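FYI, in the numbering used here the residues of the sequence shown are 1 to 355.
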Amino acid sequence: MRDSRVGFGLLGAGLIAPFHARALQASQVAELIGVTDLDAGRMAKITSAFGCKGYPSLEVMLEDPAVDAVSVLTPNHLHYDAVMKAAAAGKHVLIEKPPAMTLRETDEMIKACQAAGVKACVSVQCRTRKAVQAIRRAAREGRFGTIYHADAYMKWFRSADYYRSDAWRMSRRSGAGVTIQQAFHYVDLLQYLAGPARTVHARMRNLAHPAIDLEDTLLAFVDYESGAQGVVQASTALWPGTDIRIEINGENGTAIMSGERMDTWKFRDERPEDAEIRSYGSAAVATGATGAADLGFQDHQAVIEDLAKAILSGGEPMITLPGVRPTLEWCLAMYLSAKLGAPVSLPLEDEKAIW
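See below:
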């Protein structure tokens, strides 16, 4: 670490890489050291745009002492190998969601990082939004009373060209379906805000991308361990795409986040801070509804800086790999439920049957 800044190397120079690079460029506690990608042309675009190093391989990047942490931005099914190599080299890791494609791989990643004494964080950056943190505080303080419903609605649009832009985006086993690729963020918010699920019952369909063999639409019913119930509705088929909604309804209050802004914040017990909370977020901030690149880098910057501060202080980041494991289990249970045409209970007993 140079000048008390944590050096990051990017593994992968695809669609999400510029967002990480911009976040690092804007940070005062982290910096971009370099990038590696199997596609030399794609890597050159990052090195040229951001003035960083280009490495011929992950192995070479891991040898650079200036690289303290690796951002794993590869296709979803390749995360496991990269994390295991980074941990063995003593590098901290920031993993794009989902952390892996199986719970077994995720558990091995957790053990490897713990054994190596490195921090493992997952980029579920929506957790950092002020509206989300306000809802979480209210839930933990009991302001909702008994939570009756916790729902997520994601009605987005992605063109066929988006899926054709990389071969892995057309592969279900690589993690390209809407459930694990896009909706993961909002399933994560539900488990983060409302707690563990007891059962899920899911249906999946391809509505608008017939040439691509994966689901572009998910409908799922969730029973929470707390007794609450919920709905997850997610699609990339719905033109032109509208902002996501997270809705938490309880006996004493309701909170709704649309995009990144607080849309509704009403409680029986009005507090002085509520007026400010109602102003959180902005409708002008793009959050990915209409296109994969239609978003800002600020949420990524918040995750990166939180991890960097944890590395510098020796503490734990706000978002940990073990803390995101339940989200992966929800998504895998949804796939199994859709395959079986029946509700699935958590924890999963046999994930081998999913794919």
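Positions of the beta carbon are idealized from the N, C-alpha and C atoms, including for glycine.
These figures come from a predicted structure and were not determined experimentally.
- About 23 Å separates the Cβ atoms of V285 and V232, ruling out a contact at the 8 Å cut-off.
- For Y163, the uninterrupted alpha helix (DSSP H) run begins and ends at 160 to 164, by DSSP.
- The shortest CA-to-CA distance from G341 to any of L190, A310, I354, E349 is the one to I354.
- Between L336 and V324 a beta carbon distance of about 19 Å is seen, past the 8 Å cut, so the two are scored as non-contacting.
- With a contact defined as Cβ atoms closer than 8 Å, D216 and S235 qualify at about 6 Å.
- In the three-state DSSP reduction, E31 falls in the strand class (E or B).
- Rounded to whole angstroms, N76 and G175 show a C-alpha spacing of 6 Å.
- According to the DSSP secondary-structure assignment, A234 is paired through a beta bridge with M154, L218.
- The three-state reading of DSSP puts K53 in strand, counting E and B together.
- Residue pairing from DSSP leaves S337 without any beta-bridge partner.
- When the beta-carbon positions are compared, I248 and A255 come within less than 8 Å of each other.
- Contact annotation: K91 and A69 have beta-carbon atoms nearer than 8 Å.
- According to DSSP, residue pairing for Y224 in a beta bridge involves A197.
- When G241, T242, G259, K266 are compared, the shortest CA-CA separation from G253 is found for K266.
- Bounds of the alpha helix (DSSP H) holding S313 are 298 to 313.
- Bridge pairing for A120: V93 [DSSP].
- Note on G12: 16 or more other CB atoms within 10 angstroms of its CB, so buried under the neighbour-count rule.
- Across the set S27, E141, R140, G296, the C-alpha of S27 shows the shortest separation from the C-alpha of R5.
- In this structure, I212 is the residue among I212, R205, L24 with its C-alpha nearest to the C-alpha of D166.
- Looking at the backbone, the Cα of A87 and that of K119 are separated by about 9 Å.
- Under DSSP, S258 forms a beta bridge with R245, R261.
- The three-state reading of DSSP puts Q182 in coil, since its state is none of H, G, I, E or B.
- In this structure, the beta-carbon distance from L190 to M204 does not fall below 8 Å.
- Going by DSSP, V70 is part of the beta strand (DSSP E) stretching over 69 to 72.
- In the DSSP assignment, S345 is bridged to T199.
- Note that the C-beta distance between K97 and V122 is below 8 Å.
- Straight-line measurement puts the Cα of P326 at about 22 Å from the Cα of A302.
- For F50, the closest C-alpha among the options G34, A289, E305 is that of G34.
- For R136 against Y192, the beta-carbon gap comes to about 7 Å, under 8 Å, which counts as contact.
- Nearest to A17 by alpha-carbon distance, out of A30, P210, R42, T179, is R42.
- For V60, the enclosing alpha helix (DSSP H) starts and ends at 58 to 62.
- Per DSSP, the beta-bridge partners of H149 are Q229, N249.
- Residue state for T36 is assigned as strand, using DSSP reduced to three classes.
- Taken through DSSP and simplified to helix, strand or coil, F19 comes out as helix.
- Contact fails between the stretch 144 to 161 and the stretch 296 to 315, because fewer than three Cβ pairs, one in each stretch, are under 8 Å apart.
- Spatial neighbours of A21 in its own chain (CB-CB distance under 8 Å, excluding positions within 5 residues in sequence) are listed in chain order as L10, L32, V35, I46, A49, F50, C52.
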